[in-house]
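Enquirer: Below is one structure. I have some questions about it.
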Amino acid sequence: MIEAIKRANAPRPPEDSLALRAAVLGAVVTGTAALSSVGAVSLTLTVVVTMLLLGGYAFSYVYRRPTSWKWVVKVFLTLGAVAALVHFFGELKTLQTVDEARFPLATLFLAVQVLHGFDLPARKDLNFSLGSSLALMAIAGTLSQDGGYGFYLVAYFGFVMGALTLSHRSELGSATAGWMTTAGGRPSEARFPWRDIGRAAIPVALSGALIFMVMPQSVASQYFALPFSLGPGVGSDAGGGIMNPGGESGGRSSGLGYFGIDDRMDLSARGGLGDDLVMRVRSSAPAMWKGIVFGEYDGRSWQGADEDAAIAVGDAPPYQYPVALRSLGPRTRVTQTYYIETEHPNVIFAAGQPDTVWYDGGVTIDGLGGLRTASTLTPGTVYSVVSSRGSASYDELRTLPHETAPEHLAPFLQLPDSLPERVERLARSITRDATTDLDKVLAIEDYLADNYEYELDSPVPPPGRDAVDHFLFDTDVGFCEQFASATAVMLRSLGIPARVVAGYAVGDRNTFSGYYDVHASDAHAWVEVWFPKYGWYEFDPTFDIPAADGGLERSIPLVGAIAAVMRALRDAGPVVKAVAGVVGTGLALALLWFLWRAVGPRRVRRGRAPLPAGAGPVTTAFRRFEDALAARGEPRLPAETAGEVVARTARFHGERSRAALRVFEAERYGPLPPGDDEVEAAVEELDRLSRAVKETP
Amino acid sequence: MTRRPTTKAGIIAAVGALLVVVGTTAQAGWLFVLSAGVLGLVASGLVQWHRLAAATVTRALPARTAVGESVTAGLSVHNPSHKRLPVMRVADSFPAFDEAAVACESMPPGATAAAELERVALRRGVFTSGDVLLTTAAPFGLMRTRKTVAVASRLIVHPVVEEVHGFPLPETAAVGSDEAFAMARSGSGEVFAGVRDYRPGDQRRWIHWRTTARTGRLAVREHEEPARSPIVLVVAGLRGDDGTERVATVAASVGLHALEQGRPVHCVGRGYFGEHVENATRLDVLDWAAGLEPSDTTLEDGVTAALRRWGRRCSFVLFESEHGIADAAAEVARRRGADVKVLVACDGNHEHLDGVAS
Chain A
70 MIEAIKRANA
80 PRPPEDSLAL
90 RAAVLGAVVT
100 GTAALSSVGA
110 VSLTLTVVVT
120 MLLLGGYAFS
130 YVYRRPTSWK
140 WVVKVFLTLG
150 AVAALVHFFG
160 ELKTLQTVDE
170 ARFPLATLFL
180 AVQVLHGFDL
190 PARKDLNFSL
200 GSSLALMAIA
210 GTLSQDGGYG
220 FYLVAYFGFV
230 MGALTLSHRS
240 ELGSATAGWM
250 TTAGGRPSEA
260 RFPWRDIGRA
270 AIPVALSGAL
280 IFMVMPQSVA
290 SQYFALPFSL
300 GPGVGSDAGG
310 GIMNPGGESG
320 GRSSGLGYFG
330 IDDRMDLSAR
340 GGLGDDLVMR
350 VRSSAPAMWK
360 GIVFGEYDGR
370 SWQGADEDAA
380 IAVGDAPPYQ
390 YPVALRSLGP
400 RTRVTQTYYI
410 ETEHPNVIFA
420 AGQPDTVWYD
430 GGVTIDGLGG
440 LRTASTLTPG
450 TVYSVVSSRG
460 SASYDELRTL
470 PHETAPEHLA
480 PFLQLPDSLP
490 ERVERLARSI
500 TRDATTDLDK
510 VLAIEDYLAD
520 NYEYELDSPV
530 PPPGRDAVDH
540 FLFDTDVGFC
550 EQFASATAVM
560 LRSLGIPARV
570 VAGYAVGDRN
580 TFSGYYDVHA
590 SDAHAWVEVW
600 FPKYGWYEFD
610 PTFDIPAADG
620 GLERSIPLVG
630 AIAAVMRALR
640 DAGPVVKAVA
650 GVVGTGLALA
660 LLWFLWRAVG
670 PRRVRRGRAP
680 LPAGAGPVTT
690 AFRRFEDALA
700 ARGEPRLPAE
710 TAGEVVARTA
720 RFHGERSRAA
730 LRVFEAERYG
740 PLPPGDDEVE
750 AAVEELDRLS
760 RAVKETP
Chain B
2 MTRRPTTKAG
12 IIAAVGALLV
22 VVGTTAQAGW
32 LFVLSAGVLG
42 LVASGLVQWH
52 RLAAATVTRA
62 LPARTAVGES
72 VTAGLSVHNP
82 SHKRLPVMRV
92 ADSFPAFDEA
102 AVACESMPPG
112 ATAAAELERV
122 ALRRGVFTSG
132 DVLLTTAAPF
142 GLMRTRKTVA
152 VASRLIVHPV
162 VEEVHGFPLP
172 ETAAVGSDEA
182 FAMARSGSGE
192 VFAGVRDYRP
202 GDQRRWIHWR
212 TTARTGRLAV
222 REHEEPARSP
232 IVLVVAGLRG
242 DDGTERVATV
252 AASVGLHALE
262 QGRPVHCVGR
272 GYFGEHVENA
282 TRLDVLDWAA
292 GLEPSDTTLE
302 DGVTAALRRW
312 GRRCSFVLFE
322 SEHGIADAAA
332 EVARRRGADV
342 KVLVACDGNH
352 EHLDGVAS
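Here the protein sequences come in this chain order: A and B.
Just so we're aligned, residue 70 is where the first sequence starts under our numbering, counting upward by one.
Just so we're aligned, residue 2 is where the second sequence starts under our numbering, counting upward by one.
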């Protein structure tokens, strides 16, 4: 054990390759820059670290050979490492969540890189630096929310491939007696392997892309630590209600804010929404990011909960959603972290039912179950939510009998007296064939989707007209608010508890970062329907609400891509389908070729190599001898020479087969073929030997 | 041809897998990309199928050397294929030497790379081929492909020769003027053979004055030496590595000693160059000793054949690696009246043979 440790720490020959050192330094500096780009370390620290790395690597190269005073350097480096550790643990004490440990960890890794940079005499030390630079990239990767990290990644892998190639060549050169010379007499080690690196980049990129496409990327709903912070500070005081910084009440802003997220959703408001990024969501699954729940419909608008009814849900994070309000039945956990980019109303956005909330401030729950904060959400605010979404299948929901809703759901059955009766008649007409609540919901969804047009700039209902009645019977044109309102109202008219909720649709998932980029235009309103025992489920006539259980399509990019293409091709013309078929077949064949390249030759190798073309009679007879040995369970081993086989099997033949072995070697490897008499005798002897091998017990 | 991941590849793959786990638990999508790239480094080795089988290797060796001597061995690799060969390690496992390896740069089609290596012959024998192991883990050292190529090249490695001047060669009584064994020498002997030109070192009493006077150049008399009985070296049985090598060394030493003593030498023993080497020269003796192979043969037939060739005139020196192997052959020689010495090298105990060396 001690000897093994000594061997592992034995001094190694100094590494003379400047190119290898430069490639490793490039990888480390790229990792440092990546950390800086995601805000893990300051720009000043990045510059300082880069300068120190340059100095350290230069020092290591100049003094790469053992010197009598190296121990002094090692003492200083050890002291530096201890100081870095002390600083790291000191920083840990100030953290609010374990998730924030990534920042001091990044600083610690940088310190280690800098210190180690002064002690890189050998190739092994450089390999260690290269490996540990991956930690810098990994930390930056966990913090990166956009595509900018991709540039650092490309540069990093460029340096890594260069360093690995040069390290391998260095290892090859040092483990041998030297390099062979080519025809020109030029020692080959003098060349920089640009060609090798370039040729390797393509298979690496293809392999990496394929692995990424088939890699299960089930972002865990389990969590160890979830981040939350107010960022730059507290927003504007909401004064007990909901404060929407997006615009004035009564009209939809044309910028960042969706006025639907307010105390009141006015169905007469119209306007456009920009495409600005309003928040990023890191989530274990796609979902609708619900912000507010509406209960009462007055014929013109939806009302939120009473301002005075909001109560605190806890003293400090994490805040637990009241058990009495939780839905039951099969649920799927969704873990989300919200990174607010623009100022938002003082509501907690969450997928489905927000079971646990980490928010750096007080959280209250309103009378309809929505979560609110005391002040608006400022840019830079981060909070996390662990939600659950109903995951019962439609078949399970169909088994549920229609029950009279409990009393606490009365607000979600409310309808205004002014609602024209024809709305209810239409609802009954649409659902006349539906036997279960679910079928009624789906029938209404389908009816609206099939017979009404989605248009943001739809006609405004005239004064005194019921907005839903106006949409259903007059205009046939509306947007999410009209569709959601019509669905909820018709379901309520059938005695099914339903409510309109507002928030944001899923957004665009960045394939690489995994974050959902939510834009202002993703603002949306949809419907939640209550099912006995199972609670609230989401429906939307205008938008495919992501299923709570997405399966392979969600977790494996390749499956998701194929599914997306298939969906896109569903309504395509025959020419497009034919082209897609050809392309798909080509891709499939390319994949098969790729796999054959990777696995096929290995299969061939497992079998015995065929006899070489033009094998002579002695070679053939020797193969028969090998076969006889293999049949006895004593096959010729891959590394065994013919002479070793003959020597090993002396018990079968005494010494007579040595002459046959010489003839075999002459026929197989010799410059001149053996004589006919020799061949005849050798074949006879080898066949006799084969028989002896078979007959000897 | 074999292809296996290296330890480094295993470590990198493990790190890639760890990144997947971290990416999953930390909900960090970029870590999946980072992980895919790291795993791609390893996986790319699977699709980069290096065709080492296309390479041809040649080895250039001198014809002969002796154990412990250094020779210059040439090694060259040629790429006859239409694809580039990767950077690789070329390890020569020629059995006469310890393994030696050189690095070979990636080679374009048609290129040849060569190296010369100083190598020390470690073991006696006649070596006709040796494997050359081509190994590449290009470009990153993560996936190793190997190909073993059998390269034919002959090298005779003579055993170490020791001084055995003190060894008394057996001698059967001379048989007079048998021409087959008569050797013309200046000075000694009784039968006049002729005259020849004087050479430095000839004694003054050997001068043939009459011829000198006639020709004007100094001439000396030559007389036939008395016929010397040939020495038959018989390696009757070789078992065990130590005994075999010791026997080969002493047999060669005794053979050269006999030649220096003017004794014809006949070698008998199972080996690369056959069972009999008659009228062996110095090189023949060394080659025969180099080619000796382990054998259980007691070689009574060989002794009989030598007796048939030389009659009772020859003397035998029998070598055996264990007591008793040569008994039968010795008995055959003694029955015919030949003088016989048996030298034995027991496993781990060479006292009989060691005593030969002076």
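For glycine and all other residues, C-beta sits at the position ideal for the given N, C-alpha and C.
#1: Classify C315 (chain B) as helix, strand or coil using the three-state DSSP reduction.
#2: What residue range is occupied by the uninterrupted alpha helix (DSSP H) comprising T137 (chain B)?
#3: So, helix, strand or coil for G319 (chain A), using DSSP?
#4: Give me the Cα-Cα distance between F128 (chain B) and E736 (chain A), rounded to the nearest whole angstrom.
#5: Mind the definition here: the region 73-87 of chain B touches the region 295-308 of chain A only if three or more C-beta pairs lie below 8 angstroms; say whether that holds.
#6: If I follow the unbroken beta strand (DSSP E) through Q405 (chain A), where does it start and stop?
#7: Could you give the DSSP three-state label for P626 (chain A): helix, strand or coil?
#8: Let's see if you can read the secondary structure: which residues bound the alpha helix (DSSP H) around M249 (chain A)?
#9: Report yes if the CB atom of V432 (chain A) is closer than 8 angstroms to the CB atom of A356 (chain A), and no otherwise.
#10: What is the C-beta distance between R369 (chain A) and A536 (chain A), in whole angstroms, given that I count them as a contact (C-beta under 8 angstroms)?
#11: Quick one: what does DSSP say K602 (chain A) is sitting in, helix, strand or coil?
#12: Just to confirm the assignment, what range does the beta strand (DSSP E) spanning P423 (chain A) have?
#13: Can you confirm whether S178 (chain B), when its beta carbon is compared against all beta carbons of chain A, has any partner nearer than 8 angstroms?
#14: Among A:D367, A:S198, A:A567, A:R133, which has the Cα closest to the Cα of G533 (chain A)?
#15: Where do the ends of the beta strand (DSSP E) carrying W371 (chain A) lie?
#16: Tell me the rounded alpha-carbon separation between M312 (chain A) and G576 (chain A).
#17: Mapping DSSP to helix, strand and coil, what is V546 (chain A)?
#18: So what's R639 (chain A) in DSSP terms, helix, strand or just coil?
#19: Identify the continuous alpha helix (DSSP H) that holds L118 (chain B) and give its terminal residues.
#20: With burial defined as no fewer than 16 other Cβ atoms inside 10 Å of the residue's Cβ, what is the status of E72 (chain A): buried or exposed?
#21: Which of helix, strand or coil does DSSP assign to I208 (chain B)?
#22: I want to know whether the region 518-527 of chain A touches the region 547-557 of chain A - three or more CB-CB distances under 8 angstroms.
#23: Can you tell me where the alpha helix (DSSP H) with K84 (chain B) in it begins and where it stops?
#24: Does the beta carbon of T57 (chain B) come closer than 8 angstroms to any beta carbon on chain A?
#25: What I want to know is whether the C-beta of E365 (chain A) ends up closer than 7 angstroms to one or more non-hydrogen atoms of the ligand MN.
#26: Using the three-state DSSP reduction, which class does M559 (chain A) fall into: helix, strand or coil?
#27: CB M230 (chain A) to CB V273 (chain A), shorter than 8 angstroms?
#28: Classify K162 (chain A) as buried or exposed, calling it buried when 16 or more other Cβ atoms lie within 10 Å of its own Cβ.
#29: Between which residues of its own chain and T137 (chain B) is the CB-CB distance below 6 angstroms, once the five residues before and five after are set aside?
#30: What in chain B is Cβ-close to M206 (chain A), meaning under 7 angstroms?
#31: Any beta carbon of chain B sitting closer than 8 angstroms to that of M357 (chain A)?
#32: So which of A:G421, A:S243, A:L440, A:T505 has the shortest CA-CA distance to S352 (chain A)?
#33: With the cut-off set at 8 angstroms, would you say A307 (chain B) and V233 (chain B) are in Cβ contact?
#34: With a CB to CB cut of under 6 angstroms and the five nearest residues on each side skipped, what residues in its chain are close to P566 (chain A)?
#35: Could you give the DSSP three-state label for F320 (chain B): helix, strand or coil?
#36: Please report the straight-line C-alpha distance between Y388 (chain A) and I417 (chain A), rounded to a whole angstrom.
Expert: With the structure as the only source:
#1: If DSSP states are grouped into helix, strand and coil, C315 (chain B) belongs with coil.
#2: Looking at the DSSP string, T137 (chain B) is not in any alpha helix (DSSP H); the run it does join, the beta strand (DSSP E), is 126-137.
#3: Caution applies to G319 (chain A), whose pLDDT of 46 falls short of 50 and renders its modelled position unreliable; the model cannot decide the point.
#4: Cα to Cα, F128 (chain B) sits roughly 16 angstroms from E736 (chain A).
#5: Under the three-pair Cβ rule at 8 angstroms, the region 73-87 of chain B does not count as touching the region 295-308 of chain A.
#6: Run containing Q405 (chain A): 400-409, per the beta strand (DSSP E) assignment.
#7: Residue state, collapsed to three classes: helix.
#8: M249 (chain A) -> no alpha helix (DSSP H), and no H or E assigned at all.
#9: Contact: no.
#10: So it is a contact: roughly 6 angstroms between Cβ atoms.
#11: K602 (chain A) falls in the coil class under three-state DSSP.
#12: Run containing P423 (chain A): 422-427, per the beta strand (DSSP E) assignment.
#13: Note that S178 (chain B) has pLDDT 41, beneath the 50 cutoff, so the model's placement of it is unreliable and no number is given.
#14: The candidate whose alpha carbon is nearest that of G533 (chain A) is A:D367.
#15: W371 (chain A) -> beta strand (DSSP E) spans 370-372.
#16: Take the alpha-carbon of M312 (chain A) and the one of G576 (chain A): they are about 23 angstroms apart.
#17: Strand at V546 (chain A).
#18: In this structure, R639 (chain A) counts as helix in the three-state DSSP scheme.
#19: Where L118 (chain B) is concerned, there is no enclosing alpha helix (DSSP H), although the beta strand (DSSP E) it sits in stretches over 113-121.
#20: Exposed, by the Cβ-count rule.
#21: In the structure shown, I208 (chain B) sits in a strand (DSSP, three-state: E or B).
#22: Output reads yes: the region 547-557 of chain A touches the region 518-527 of chain A.
#23: Neither: K84 (chain B) is in no alpha helix (DSSP H) and is coded neither H nor E.
#24: So no, T57 (chain B) is outside the interface.
#25: Absence of the ligand MN from the depicted structure is noted, as is the absence of any ligand whatsoever, leaving it without description.
#26: Residue state for M559 (chain A) is assigned as helix, using DSSP reduced to three classes.
#27: Closer than 8 angstroms, so yes.
#28: The residue in question, K162 (chain A), is exposed, as its Cβ has fewer than 16 Cβ neighbours within 10 Å.
#29: Taken in chain order, the residues that qualify are H51, P87, M89, T146.
#30: Residues of chain B whose Cβ lies closer than 7 angstroms to the Cβ of M206 (chain A) are, in chain order, L35.
#31: No, because no Cβ of chain B sits closer than 8 angstroms to the Cβ of M357 (chain A).
#32: S352 (chain A) has its Cα closest to that of A:G421, out of A:G421, A:S243, A:L440, A:T505.
#33: Going by C-beta atoms, A307 (chain B) is nearer than 8 angstroms to V233 (chain B).
#34: Within the same chain, P566 (chain A) has close Cβ partners A474, L478, F481, L482, W599.
#35: In this structure, F320 (chain B) counts as strand in the three-state DSSP scheme.
#36: Roughly 12 angstroms between the two C-alpha positions.
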